[in-house]
Structures are given as structure tokens and as C-alpha cells.
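See structure below.
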Amino acid sequence: MKIKLFLYLLSLFISLSRAAKCGSGYGKCPAGQCCSKSGYCGTTTDYCSASNGCQSDYGDCKCGKEFGNCASGQCCSKKGYCGKTDGYCSSTNGCQSEFGQCKCGSKLGSCNANRCCSKKGYCGETNAYCSTSNGCQSGFGLCRCGAEFGKCTAGQCCNKDGYCGTTTNYCSKSNGCQSEFGDCKCGKEFGKCGTGLCCSKKGYCGKTDAYCLSTNGCQSQYGSCQGETENIKCGPGYGKCPAGQCCSKKGYCGVTSEFCSASNGCQSDYGDCKC
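My numbering puts the first residue of the sequence shown at 1040, with every later residue one more than the last.
Now the structure itself:
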């Protein structure tokens, strides 16, 4: 009798032990439980933290302040679980980018503050995500610009700190807009263009005829403009042009190719010239 009872209890113990095991050869944990590195089911950080070896193929794995980051390639959902589907990874659904990957784009939403949306639709902070030359998507997060990162997309401005945007903080020359890496704007809201730049009819700064000719609507109150009677004389007897302007073959200051091209006779002793 005692032997039978012992065998029964032993069998029950083995059965219960097997039910608590998980992983290869044992399968998944019950819903809501995590499979630890050692292959046991539970719900504490020892079982559920990816940094402790939680096995996501055999149960839940958790993330957040208490549990840490998800494993590489996984996303941390709004509720603090690791996974790879849109339910976990969509920025619109509350994906937590500080504890794993997050996705972004037209169907997935924008990245959290201070993060960039890469060409492939992932949120991050490095050049691979943030550089405009790498395809950063400015509609779904920050994008970087400048000598290291490239130009902003058409219609956007590069501010003094090297970020793309469209407000006065990005587009005003007085705030440090970098015209070589994006648009810069001018007019009542944005102020004047920088030295040697013209303000077009539509309120953008530039140096070509489209911006600078009075006949094209150049706004002289916000930058340089050029018309037959508006050009300053330069050359022997007149001196140099203002900074940023070129002295033409005929001795007039301006910023278009007519004035600045060496092939058109630009006088480098009296102003800038371009080649």
C-alpha cells in the first residue's frame, strides 16, 4: 500500500514538473507566462526578462523599466510585451522605442520624440536612421541634414543644428537656416535672406535668375535683387562688390551666372567668381 502511494505521488510530481517545463521538447508555457533560459514557466523577471534569457518562442517575454529591453529585432509593445508583429511594433499602437525596435511610416505612424524614421521604416537615432542621404522619412520623425547627413527633402529647411523642418525655427536665415542643405525662406514671417542671396516672389532664398530678377518678382526688401538699374558698379575706379556678390565683365555686381561665371568674364579681383 505504501509503495503504491509512493509511486502515485512520484508520478504526480513528475507530471507537475513536466507541466512547468518549456522549450525544445516541452513546448510553450500557458498563456501569460514566460519561458526562462533554464526552460521553466513563470511570470517574474527571472523568467520574463530578455536580458535573463527569456525564450520568446515558448512564451511571453516582457520589456520596460522593470524587465529591460527586448531581444534584438523585437519590439516592445505599449503594454510591455516583446514581439515582431504590427501589434507590438507600430508607433501608432504605442511601441516603446527605448526598449526595442519600433516601426514607422504611412500605416505605422511617427516615431517618438527625438527619433528618426529610416528608409526601411524603423525608428532610431543613428546616421543609418537619421541621415537624409540614407533616405530618412521626415514625415514620420526627425531627419538630419548638413555636411555629414546631406540635404533635406524638397520644400524643407535645414536649421543651424542640422535638422529638417518647415517652421521659422528651421527656415529663417536669422535663425541660422543652412541654404546649402535645404530651402531657406524669406518675407514678413521669415525675414531677410543672407548676404548675396535673393528673395523670390514665393518667399524662398536663392541665387539664380528665378530668385534674383526683378522681372520675376524678386522682393528687394528681403534680399538682393537685380534689374538693369539696380546693380552696383565694380572694377577699376569702383572697387569690390559687397560680400557674396560677383563682378561681371561689364563691371556690375550680382549673383547670377551672368555675373559669376568665369566663362562670362567674371572679375575675381573685385568679387566672388564661380567655375
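Cβ atoms here follow ideal geometry from the backbone N, Cα and C, with glycine treated the same way.
Small disclaimer: the values here were computed from a predicted structure and weren't measured.
On a CA-only basis, which of the options is nearest residue i? Give me that one, please.
{"i": "Pro-1069", "options": "Asp-1096, Asn-1091, Asp-1085 and Lys-1279", "result": "Asp-1096"}
{"i": "Lys-1279", "options": "Cys-1244, Cys-1182, Gln-1306 and Asn-1214", "result": "Gln-1306"}
{"i": "Gly-1107", "options": "Thr-1084, Ser-1129 and Ser-1300", "result": "Thr-1084"}
{"i": "Gly-1139", "options": "Ala-1152, Cys-1121, Cys-1156 and Asn-1132", "result": "Cys-1121"}
{"i": "Phe-1179", "options": "Cys-1203, Cys-1197 and Ser-1172", "result": "Cys-1203"}
{"i": "Ser-1263", "options": "Lys-1272, Ser-1287, Lys-1231 and Asp-1200", "result": "Lys-1231"}
{"i": "Ser-1111", "options": "Cys-1100, Lys-1104, Glu-1105 and Lys-1118", "result": "Cys-1100"}
{"i": "Ser-1149", "options": "Tyr-1243, Gly-1226 and Asn-1132", "result": "Asn-1132"}
{"i": "Gly-1078", "options": "Cys-1314, Cys-1061, Lys-1067 and Cys-1191", "result": "Cys-1061"}
{"i": "Ala-1282", "options": "Tyr-1086, Cys-1299 and Pro-1275", "result": "Cys-1299"}
{"i": "Ser-1172", "options": "Ser-1157, Pro-1275 and Gln-1260", "result": "Ser-1157"}
{"i": "Gly-1161", "options": "Ala-1152, Ser-1177 and Gly-1144", "result": "As written in the sequence, residue 1161 is Tyr, which differs from the Gly given in the question. Nearest of Ala-1152, Ser-1177 and Gly-1144 to Tyr-1161, Cα basis: Gly-1144."}
{"i": "Gln-1176", "options": "Gly-1274, Thr-1192 and Glu-1187", "result": "Thr-1192"}
{"i": "Thr-1207", "options": "Ala-1186, Glu-1105, Tyr-1243 and Phe-1188", "result": "Tyr-1243"}
{"i": "Glu-1187", "options": "Lys-1117, Ala-1167 and Tyr-1261", "result": "Ala-1167"}
{"i": "Tyr-1261", "options": "Cys-1286, Glu-1228, Thr-1165 and Gly-1194", "result": "Glu-1228"}
{"i": "Gln-1258", "options": "Ile-1271, Tyr-1277, Thr-1082 and Cys-1238", "result": "Cys-1238"}
{"i": "Lys-1146", "options": "Glu-1105, Asp-1125, Ser-1063 and Glu-1137", "result": "Asp-1125"}
Please check the pair residue i and residue j, which I expect to be a contact at CB under 8 Å, by giving their CB distance rounded to whole angstroms.
{"i": "Gly-1135", "j": "Cys-1115", "result": "In the sequence under discussion, the amino acid at residue 1135 is Gln, which differs from the Gly named in the question. Yes, they are in contact, since the Cβ atoms of Gln-1135 and Cys-1115 sit about 4 Å apart, within 8 Å."}
{"i": "Ala-1089", "j": "Cys-1080", "result": "Not really, about 16 Å apart at Cβ, beyond 8 Å."}
{"i": "Cys-1128", "j": "Cys-1141", "result": "6 Å"}
{"i": "Leu-1236", "j": "Gly-1245", "result": "7 Å"}
{"i": "Lys-1240", "j": "Gly-1221", "result": "Actually they are not in contact, since the Cβ atoms of Lys-1240 and Gly-1221 sit about 19 Å apart, beyond 8 Å."}
{"i": "Cys-1216", "j": "Cys-1197", "result": "7 Å"}
{"i": "Gln-1072", "j": "Gly-1098", "result": "5 Å"}
{"i": "Lys-1212", "j": "Gly-1233", "result": "5 Å"}
{"i": "Cys-1210", "j": "Lys-1224", "result": "4 Å"}
{"i": "Gln-1284", "j": "Gly-1310", "result": "5 Å"}
{"i": "Gly-1201", "j": "Arg-1183", "result": "5 Å"}
{"i": "Gly-1290", "j": "Lys-1313", "result": "Not confirmed; about 18 Å, so no contact."}
Per the DSSP calculation, residue i is bridged to which residue(s)?
{"i": "Ser-1170", "result": "Arg-1183"}
{"i": "Tyr-1277", "result": "According to DSSP, which records beta bridges pairwise, Tyr-1277 is partnered with nothing at all."}
{"i": "Cys-1087", "result": "Answer is none; Cys-1087 lacks a bridge partner."}
{"i": "Lys-1200", "result": "In the sequence as displayed, the identity of residue 1200 is Asp instead of Lys. DSSP, once it has assigned bridges, lists no residue as partnering Asp-1200."}
{"i": "Tyr-1291", "result": "Lys-1272"}
{"i": "Ser-1063", "result": "Looking at the DSSP assignment, Ser-1063 forms no beta bridge with any residue, so it has no partner."}
{"i": "Gly-1144", "result": "Gly-1148"}
{"i": "Gln-1265", "result": "Leu-1252"}
{"i": "Gly-1189", "result": "Gly-1185"}
{"i": "Ser-1300", "result": "Lys-1313"}
{"i": "Tyr-1161", "result": "Lys-1142"}
{"i": "Cys-1156", "result": "Cys-1162"}
Practice task
Could you name each continuous alpha helix (DSSP H) segment of 4 residues or more that falls completely within the segment 1095-1135, going from the start of the chain to the end?
Solution key: 1125-1128
Handout entry: Segments assigned beta strand (DSSP E), at least 3 residues, entirely inside the segment 1220-1263
Key = none
Practice task
Would you check if there are 3 or more beta carbon pairs closer than 8 Å linking the segment 1248-1265 to the segment 1288-1296?
Solution key: yes
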